[in-house]
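Novice: The structure is given below, and queries will be raised subsequently.
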Amino acid sequence: MAGEFRHYLFPHDHPRLAGVRGMDPYAYREHARTPGTFTGGLVEGWTPLYLAPFRGVTEDGTLREGLHPLTPAGPGEEAPVAAMVAAAEALLGLLTPEDRARVCFPVDAPEWQTWANPEFMQFDTGLRLEFQPPEVREAALSLVRASLSPEGAGLVHAAMLVNGFLGDVVDLPTVLGDWSYNVAVYGTPDLRAPWGWQLYGHHCAVNVLVVEGRMVVSPVFVGAEPDEIDEGPHAGVADLFADRIEAGLAVMAALTGEQRAVATVYAQVVDPAMPPGRVHPGDERHLAGAFQDNRVIPVEGVRLSEVSAEARARVLDVVATFVRLLPEGPRAARMREVEAHLDETWFSWIGGHAPGDVFYYRVQSPVVIAELDHHCGVFLDYDTPKPFHVHTVLRTPHGNDYGRAWVREWQSRHA
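Throughout, this note's numbering is defined as the position within the sequence shown, counted from one, plus 14.
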């Protein structure tokens, strides 16, 4: 329901807001680390995972070799590398030598793994866009647009705008802004050699790598609280994840009653049957988010080899809504990769599946994880998940997040 979030506004002087109002990102970062606080607990839990040597997400702890060969891009499936190189060089050309050194990292640098989706900064990787002049901000956004599909770039920018809108609604513009995001470049922009970029901040984190015309866009986190802008210059931005929500519900509708029961791991989003820790204080039900680069995520739910062709097609529709971020050619290659492993793909669900219900779902195979989760309030006042607070996550399991498997293969060929 449009505008529903306005029923859940904190009073302006509520400690949740007043306690951080006026802090800049660096002061807020230190505040967020305070032991015993909600954010301090998140930091404490994530800290042991920081910068762990990268292996990749798996379903059982064992990496499968050969899943991600660096083969030539098929005809018409090449990434828009020339446009990306031009956009990256334009961005770098605007920077001082000091800022250029700050924004650039080796292509296989561990700093790739420092992205996070909370509003408080854990790593200040690259350049913080809110402290850059307008031309640098716009150049960073131009790099996003040169790399992703129009729909993908639009979703990323919409998430950023919603973040700024939330900051206006709760009067925390120095904590939640349109440009409260870091950008970094990995490797040297090149038509063939591997390189990429990263943008991350509250409710939006995108990692892109290209090599030999191939493209990886993962990990990706896109979320929103609320999922609309109902006033101001960007009024009308709304329903950022309607396609992903509708596609998930369509899968459940395509399953038989028995299959829905198998797919439904828990009947409620906060279920008494859940073991301790199944609902994380920050990530809630989703499992493949920030700092989870090496997580073991066992498959669960219903296996697609056991369902109808209609249900399998609906699961592919779900994946298509996530990989819509990619340009048309790389998107086709990605979908073909997913289809090749369809019999090894699982679909799981938590919560109800009627219109308006809140829920979690996950599509998981050896080559993709796609998650959607409805969340509790953070800067709005509700302690049960609502339809207008959404998190989504996209991963490439078995070692090709950040294009890492391709980078290693390219480096071995050119050693």
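C-beta atoms are modelled at their ideal positions from N, C-alpha and C, and glycine is treated no differently.
Straight-line CA distance for T72 to F305?
Specialist: Cα to Cα, T72 sits roughly 14 angstroms from F305.
Novice: Among residues of its own chain, excluding the 5 on either side of A97, which ones have a beta-carbon nearer than 7 angstroms to its beta-carbon?
Specialist: Within the same chain, A97 has close Cβ partners A160.
Novice: Please report how far the alpha carbon of G343 lies from the alpha carbon of P94, in whole angstroms.
Specialist: Their backbone Cα atoms lie some 9 angstroms apart in a straight line.
Novice: Report yes if the CB atom of N177 is closer than 8 angstroms to the CB atom of G166, and no otherwise.
Specialist: Cβ distance not < 8 angstroms, so N177 and G166 don't count as in contact.
Novice: When every heavy atom of the ligand MN is checked, does at least one fall within less than 7 angstroms of the C-beta of R345?
Specialist: No copy of the ligand MN appears in this structure; indeed no ligand is present at all.
Novice: Are the Cβ atoms of P236 and A173 separated by less than 8 angstroms?
Specialist: Just to set this straight, residue 236 is Val in the shown sequence, not Pro. Against a cut-off of 8 angstroms, the Cβ pair of A173 and V236 comes out as a contact.
Novice: Taking only runs that begin and end inside the region 261-293, name each unbroken alpha helix (DSSP H) of 4 or more residues, in chain order.
Specialist: Segments of the alpha helix (DSSP H) lying fully in the region 261-293: 271-277.
Novice: For L23, name the three-state secondary structure that DSSP assigns.
Specialist: Here L23 sits in coil by DSSP.
Novice: Considering only residues of the same chain and omitting the five flanking positions on each side of R47, which have a CB-CB separation below 7 angstroms?
Specialist: If we look at R47 and ignore the five residues flanking it on each side, its Cβ neighbours are G54 and V57.
Novice: Is it a yes or a no for the region 267-285 touching the region 34-46, going by three-plus beta-carbon pairs under 8 angstroms?
Specialist: No: the two stretches stay apart, fewer than three of their Cβ pairs being nearer than 8 angstroms.
Novice: Take A130 as the anchor and find which of R206, A219 and E103 has the nearest alpha-carbon.
Specialist: Measuring from the Cα of A130, the nearest candidate turns out to be A219.
Novice: Using only CA atoms, which one of G201, F145 and P240 lies nearest to L223?
Specialist: Checking every option, the nearest Cα to that of L223 belongs to G201.
Novice: DSSP has P242 in a bridge; who is on the other side?
Specialist: First, the residue type needs correcting, since residue 242 is Glu and not Pro in the sequence shown. In DSSP, E242 forms a bridge with A252.
Novice: Buried or exposed: which applies to G75, given that a residue is buried once 16 or more other Cβ atoms fall within 10 Å of its Cβ?
Specialist: It is exposed - the Cβ of G75 has fewer than 16 other Cβ atoms within 10 Å.
Novice: For the 8 angstroms Cβ check, are there 3 or more pairs between the region 405-421 and the region 377-394?
Specialist: Yes, they touch.
Novice: What ranges does the beta strand (DSSP E) occupy inside the region 178-244, keeping only unbroken runs of at least 3 residues that lie completely in it?
Specialist: DSSP runs (the beta strand (DSSP E)) wholly in the region 178-244: 195-200, 209-215, 218-225 and 228-238.
Novice: Thinking C-alpha only, which one of H45, S232 and W193 is nearest G210?
Specialist: Cα-wise, what sits closest to G210 is S232.
Novice: Closest Cβ-Cβ distance between D371 and chain B: below 8 angstroms?
Specialist: Absence of chain B from the displayed structure is noted, only one protein chain being present.
Novice: Less than 8 angstroms between the C-beta atoms of N221 and Y375, yes or no?
Specialist: It is not a contact, given that the beta carbons lie outside the stated cut-off.
Novice: Over the uninterrupted beta strand (DSSP E) stretch that includes H388, give me the two end residues.
Specialist: Where H388 is concerned, the enclosing beta strand (DSSP E) stretches over I383 to H388.
Novice: Rounding to the nearest angstrom, what Cα-Cα distance links D241 and L254 in this structure?
Specialist: Distance between the alpha carbons of D241 and L254: 6 angstroms.
Novice: R116 and L106 - do their beta-carbons sit closer together than 8 angstroms?
Specialist: No, these two residues do not count as a Cβ contact at 8 angstroms.
Novice: Quick check: the Cα distance between P290 and V284, rounded to an integer number of angstroms?
Specialist: Roughly 11 angstroms separates the two Cα atoms.
Novice: In chain order, what residues of the same chain have a beta carbon less than 8 angstroms from the beta carbon of G430, not counting five sequence neighbours either side?
Specialist: Nothing in the structure corresponds to residue 430, since the chain is present only between 15 and 429.
Novice: Measuring alpha carbon to alpha carbon, tell me which residue in A252, L143, N414 and E149 is nearest N196.
Specialist: The shortest Cα separation from N196 among A252, L143, N414 and E149 belongs to L143.
Novice: Quick check on the DSSP output: the alpha helix (DSSP H) that includes W129 runs from which residue to which?
Specialist: Run containing W129: none; DSSP gives neither H nor E here.
Novice: Please classify T72: does DSSP put it in a helix, a strand, or coil?
Specialist: If DSSP states are grouped into helix, strand and coil, T72 belongs with the strands.
Novice: Could you pull the start and end residues of the alpha helix (DSSP H) that V333 belongs to?
Specialist: Here the alpha helix (DSSP H) through V333 covers A323 to V337.
Novice: Could you pull the start and end residues of the beta strand (DSSP E) that G54 belongs to?
Specialist: It is not in any beta strand (DSSP E) - G54 instead sits in the alpha helix (DSSP H) that spans F52 to W60.
Novice: Just to confirm, are A346 and E125 a CB contact at a threshold of 8 angstroms?
Specialist: It is not a contact, given that the beta carbons lie outside the stated cut-off.
Novice: Do P341 and V372 have their CB atoms nearer than 8 angstroms?
Specialist: Against a cut-off of 8 angstroms, the Cβ pair of V372 and P341 comes out as no contact.
Novice: Excluding the 5 residues preceding and the 5 following V184 in the sequence, name in chain order all residues of the same chain whose CB lies nearer than 6 angstroms to its CB.
Specialist: Closer than 6 angstroms at the Cβ level, and outside the excluded window around V184, lie L31 and F393.
Novice: Compute the beta-carbon to beta-carbon distance between V225 and A198, rounded to the nearest angstrom, for a pair I have assumed lies under 8 angstroms.
Specialist: About 17 angstroms; that fails the 8 angstroms criterion.
Novice: Which residues in the same chain have their Cβ closer than 6 angstroms to the Cβ of Q378, if we skip the five residues on either side of it in sequence?
Specialist: Same-chain partners within the cutoff: V313 and W360.
Novice: I'd like the span of the beta strand (DSSP E) that includes S362, first residue to last.
Specialist: Segment W360 to G365, the beta strand (DSSP E) holding S362.
Novice: Looking only at C-alpha atoms, which of L186, A104, E133 and W424 sits nearest to E152?
Specialist: Closest option to E152, Cα to Cα, is A104.
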